[in-house]
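Visitor: Under the working numbering, the sequence shown has 1116 at position 15, and the numbering climbs by one with no breaks. Backbone N, C-alpha and C define an ideal beta-carbon position, used for all residues, glycine too.
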Amino acid sequence: MSTELDPSTQMKKQVGEAAAAMVQSGSIVGLGTGSTAAFMIQALGDRLRTGDLKDIRGITTSFQGEVLARECNIPLSTLNEVDCIDIAIDGADEVDPQKNLIKGGGAAHTQEKLVAAFAKQFIVIVDSSKLVEKLNLGFLLPVEVLPRALNPVSKTIEKLGGKPQLRMAVKKSGPVVTDQGNLILDVKFENGIDNPAELEKTLNNIPGVLENGLFVGLTDLVLVGEVVDGKPVVRQI
Ligand code: 5RP
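Shown next as structure tokens:
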């Protein structure tokens, strides 16, 4: 175990590397976004460099992933150039017992959902702090909104019982602007989300909403990083 990494980072690294080890030569690989997915991308780059892995092509889900994948010399393709994605690997902000997710902490959930939905196998990599009994009691639900629809979408979400707040940028004045040029509303439902499948559809049906961060019925496998007796371990759900 690396001594300079804090426990949370150790767990993220461990699951990232475990997921990268599951990728087979010749695969089209969906590359997620975030700090956990970054460890997976780096580990894929390491496997390519040593010759342990060959002939993969990555499909990124954000500018962040694209920049990192290029640094790691991972050949890239696009959704419009491939027939399918063999395996997609991504982090999450919350995972419930049914393996439903909240994603979008990095404002990348629209592309992330596209890639996950197009993949034959979708693997989620999280540290144990992301496991929850019910979604949205802790993490707010990201909703990507066309800028000119901000006000009407906010009002409709309020009518559904949600409290939307515009996500503001750090180290830039004003709101976060997504890779698609849209805005993010982070939404809190007071008692959490009772029916993720229904809410996912209801939100996406609001004119002006591009995509929300609920991922329902997409996850095949969750790799959970934990520290047990001071050692990082990975368990599968
Ligand atoms: C980005 C995401 C990320 O996968 C999610 O926020 C988890 O990030 P991290 O691994 O940094 O905790 O959904 O939109």
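Could you check which residue in 1338, 1310, 1311 and 1329 has the C-alpha nearest to that of residue 1320?
Guide: For the purposes of this step, residue 1320 is identified with residue 219 of the sequence shown, where counting begins at 1. With respect to the C-alpha of residue 1320, the residue from 1338, 1310, 1311 and 1329 having the closest C-alpha is 1338.
Visitor: Alpha carbons only, please: which of 1192, 1310, 1267 and 1216 is nearest the one belonging to residue 1136?
Guide: On the sequence shown, residue 1136 is found 35 positions in, with the first residue counted as 1. Selected option, being the one with the closest Cα: 1192.
Visitor: Which of the three DSSP states is assigned to residue 1159 in this structure?
Guide: Residue 1159 sits at position 58 when you count from the first residue of the sequence shown. Here residue 1159 sits in strand by DSSP.
Visitor: Restricting to Cα atoms, I'd like to know which of 1285, 1295, 1107 and 1324 is closest to residue 1340.
Guide: Any property of residue 1340 remains undetermined from this structure, which presents the chain solely from 1102 to 1338.
Visitor: Skipping 5 residues on each side, what residues in its chain have a beta carbon closer than 6 Å to that of residue 1121?
Guide: Taking the sequence shown and counting its residues from 1, the one referred to as residue 1121 is at position 20. Cβ within range, chain order: 1141, 1144 and 1145.
Visitor: Should residue 1195 be counted as a contact of the ligand 5RP given a C-beta to heavy atom distance under 7 Å?
Guide: Numbered from its first residue, the sequence shown carries residue 1195 at position 94. No.
Visitor: Can you tell me whether residue 1281 is helix, strand or coil according to DSSP?
Guide: As a first step, residue 1281 must be located in the sequence shown, where it is residue number 180. It is coil, neither helix nor strand.
Visitor: Note down the Cα distance separating residue 1229 from residue 1156, rounded to an integer number of angstroms.
Guide: The sequence position of residue 1229 within the sequence shown is 128, counting from 1. The sequence position of residue 1156 within the sequence shown is 55, counting from 1. The straight-line gap from Cα to Cα measures roughly 32 Å.
Visitor: What residue from 1173, 1283, 1324 and 1330 has the CA that sits closest to residue 1119's CA?
Guide: Translated into positions along the sequence shown, residue 1119 becomes position 18. Looking at the Cα atoms, 1324 is the closest of the given residues.
Visitor: At a threshold of 7 Å, does residue 1274 count as lining the ligand 5RP (C-beta to nearest heavy atom)?
Guide: For this step, residue 1274 is matched to residue 173 along the sequence shown. Distance from the C-beta of residue 1274 to the nearest heavy atom of the ligand 5RP is not below 7 Å.
Visitor: Find out if the Cβ-Cβ distance for the pair residue 1242, residue 1314 is shorter than 8 Å.
Guide: For this step, residue 1242 is matched to residue 141 along the sequence shown. For this step, residue 1314 is matched to residue 213 along the sequence shown. Contact: yes.
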